[in-house]
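The opening residue of the sequence shown carries number 0 in numbering that gives the first Met the number 0; numbering runs sequentially from there.
For reference, the structure discussed in these notes is given below.
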Amino acid sequence: MKAVILAAGRGKRLGNITNDVNKCMLELAGKPILEYNLERAANIEDIKEIIIVVGHKAEDIINKFGITYRGKRIRYVFQHEQKGVVHAIECARNAIGNEDFFLLLGDEVLINSREKEMIEKFKNNKIFGLCGVCLTENREKIKRTYTVIVDSNGRIFRLIEKPKNPLNNYQGTGHCVFKNEILKYIERTPIHPERGEKELPDLIQCAIDDGHDVRIFDICDKYTNINSIEDLEEAKLLLKS
């Protein structure tokens, strides 16, 4: 299994503070946001290689982390145009090869994350994919990511990117585990009419519509991803809690 960490974006909504720095390299509690996610990937025994998709200020990430991290090889893949998560996965396609993979977003902050348990569930239950979700009382937060509609066993039937009216308290995250076959659905994934790019929930939905078993996993106690100054301040508070 490989890990794929997406860290190409500048983070335009963060304004001038990301003019000269990749948003994933902004520091929280003394280290880059990206490093928290690198640690999660490196701590999983089954992961033999970590692929980092880079773009904006790529040299800063490469110079900081080099070609190994805690004994795991790092391979860098360039996303020359920042055209969203699915395009970033597509850029990493050759590097992923024929292996299953653990997807992480380089700008995510998770408190009390359970990625090891997630990988074990994926391996032991022979399912197509797991989407990490975080239960939140504030449904406004779900509007920033995606929501899922599930049955009593946690099997997903519908994913909705940035829902206007979330129907439950599950906030989708970018921490997901997939069978390699998910890559076959990239070409089939529609371009989102509002954002003009292919979205991760739509990629997963294509596999679900084909009959594949994708389930939710309670990945952490608290969550945010960094897209704005407000998100950055929230992340600082979460790490202090």
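Glycine residues also receive a C-beta, built at the ideal position from the N, C-alpha and C atoms.
Assumed close pair residue i, residue j - CB separation to whole angstroms, cut-off 8 angstroms
i, j, result
"I49", "Y68", "7 angstroms"
"R6", "C23", "The sequence given here has Ala at residue 6, not Arg. About 4 angstroms separates the two Cβ atoms, so the contact holds."
"I43", "I51", "15 angstroms between Cβ atoms; not a contact."
Cβ shell of residue i (< 6 angstroms), same chain only, five flanking positions each side left out
i, result
"H211", "F127"
"H174", "L103, G131, I218"
"K82", "E196"
"E114", "R39"
"E233", "T223"
"E107", "G173, N224"
Segment limits, alpha helix (DSSP H) that includes residue i
i, result
"N93", "92-95"
"F121", "114-124"
"P156", "Looking at the sequence provided, one finds Phe at residue 156 rather than Pro. From DSSP, F156 is part of no alpha helix (DSSP H) but of the beta strand (DSSP E) over 155-160."
"R138", "138-141"
"K235", "228-239"
Residues near residue i by beta carbon distance below 7 angstroms, same chain, minus five either side
i, result
"I159", "Y145, T146, P200"
"A28", "L238"
"R74", "E48, I50, A94"
"Q170", "V132, C133, T135, K140, I141, T144, Y222"
Delimiting residues of the beta strand (DSSP E) encompassing residue i
i, result
"N224", "221-224"
"E107", "107-110"
"I148", "145-149"
Residue i - partner residues in DSSP beta bridges
i, result
"F101", "A2, V176"
"I242", "With the chain represented from 0 up to 240, any question about residue 242 goes unanswered, as that position is not in the structure."
"F77", "V53"
"G131", "F216"
"G171", "V132"
"K30", "L27"
"R194", "Beta-bridge pairing links R194 to no other residue."
"R72", "E48, T67"
Backbone CA spacing between residue i and residue j [nearest angstrom]
i, j, result
"G65", "E58", "10 angstroms"
"K235", "N224", "11 angstroms"
"D99", "I228", "34 angstroms"
"I46", "I88", "17 angstroms"
"I118", "V176", "7 angstroms"
"K56", "K142", "28 angstroms"
"K120", "A94", "24 angstroms"
"K161", "R138", "11 angstroms"
Beta-carbon proximity list for residue i, same chain, < 8 angstroms, skipping 5 on both sides
i, result
"I185", "V85, I88, E89, R92, K197, L202"
"C205", "Y184, R187, T188"
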